[in-house]
Amino acid sequence: MSSTINIGFIGLSSKGGWASSAHESYLKNSSIYTIKAIANSTIESSKSSAETFGVNKYYATSEELAQDPDIDTVVVSVKVPLHKSLIMPALLQGKNVIVEWPLGRNLQEAEELTQLARSKGVKTMVGLQGRQSSVVKKMKEIISSGKLGKILSTHLYAGGIAWGAAVNESNAYLADIENGANMITILGGHLLDAMCYILGEFESLTATTHNARKTIELLD
Numbered sequence: 676m677s678s679t680i681n682i683g684f685i686g687l688s689s690k691g692g693w694a695s696s697a698h699e700s701y702l703k704n705s706s707i708y709t710i711k712a713i714a715n716s717t718i719e720s721s722k723s724s725a726e727t728f729g730v731n732k733y734y735a736t737s738e739e740l741a742q743d744p745d746i747d748t749v750v751v752s753v754k755v756p757l758h759k760s761l762i763m764p765a766l767l768q769g770k771n772v773i774v775e776w777p778l779g780r781n782l783q784e785a786e787e788l789t790q791l792a793r794s795k796g797v798k799t800m801v802g803l804q805g806r807q808s809s810v811v812k813k814m815k816e817i818i819s820s821g822k823l824g825k826i827l828s829t830h831l832y833a834g835g836i837a838w839g840a841a842v843n844e845s846n847a848y849l850a851d852i853e854n855g856a857n858m859i860t861i862l863g864g865h866l867l868d869a870m871c872y873i874l875g876e877f878e879s880l881t882a883t884t885h886n887a888r889k890t891i892e893l894l895d
């Protein structure tokens, strides 16, 4: 049995983006993982990425990639509304799955995917990289040591780098609440996960939200 974990990558574009900058740059130098196949939105895009990143196999669909017997783990790095449809084939084929946060557009999709993964007995991971921050790890270490005593309260302030008064046409999907890709679900999820990692999970929760921008400008 090979000691290398073979990756099938969905969403690794030759035109750049999060997948190539955050994932491919690490995987190409890893002695543990090898990218064996790529599947993008079109066969042309898949072929271009395979040539760019030196990968021999490429597919037109996530179903074809999931059926490749050489693939151990499928990595999904695409827009949130596409997560479920691209993850399902991998889980149905019994592949391990790594996917960007959030898992799905809503709780229903997340629960459905989780149930299927458990029924298949596969390994899964949702990328919440805040836990890997050296600052976050140090904060957890200090608080867990008890040096600060019992933490009674905390205040958390945050600002976003997107979801402002204007958005590029390519990111217009972020403004549609049905897509589950907004400031609360993405940035909020990452932030709250890091906070819970440091301080512990919520026992109860009361929340108030406010939409400060009823309309936004779409830039072409």
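Residue 676 is where the sequence shown starts when you use the working numbering, and the numbers rise one by one after that.
The C-beta atom is built at its ideal place from N, Cα and C for all residues, glycine as well.
Check	Outcome
So, is S720 buried or exposed, given that buried needs 16 or more other C-beta atoms within 10 angstroms?	buried
What does DSSP give as the partner residues of N771 in its beta bridges?	T748
Within 8 Å, do at least three Cβ pairs link the stretch 826 to 838 to the stretch 733 to 747?	no
The alpha helix (DSSP H) spanning E784 covers which residue range?	782 to 795
What residues are listed by DSSP as bridge partners for V801?	V774
Measuring from the CB of V801, is there a heavy atom of the ligand MG at a distance below 8 Å?	Among the ligands in the structure shown, none appear at all, so the ligand MG cannot be discussed.
Can you list, in chain order, the residues of its chain with a C-beta nearer than 6 Å to that of E784? Leave out the 5 residues immediately preceding and following it.	K759
Does the stretch 769 to 783 touch the stretch 742 to 756, meaning 3 or more C-beta pairs lie closer than 8 Å?	yes
Using a 10 Å radius around the Cβ and a threshold of 16 neighbouring Cβ atoms, would you call K813 buried or exposed?	exposed
So is E784 in contact with chain C if we call contact Cβ pairs under 9 Å?	Protein chains in the displayed structure number just one, and chain C is not present.
Check whether the stretch 763 to 770 touches the stretch 843 to 856, counting contact only when three or more Cβ pairs, one atom from each stretch, lie closer than 8 Å.	no
By the three-class DSSP mapping on this structure, what secondary structure does N937 have?	Only positions 676 to 895 of the chain appear in this structure, which leaves residue 937 out of reach.
Taking the alpha-carbon positions, what's the Q790 to Y733 distance?	29 Å
Should L782 go down as buried or exposed, given a rule of 16 or more other Cβ atoms within 10 Å for buried?	exposed
I'd like to confirm the pairing. Which residues does DSSP put opposite L893 in its beta bridges?	V842
Would you call the CB atoms of A869 and R806 closer than 9 Å?	yes
Any idea what DSSP makes of F684, helix, strand or coil?	strand
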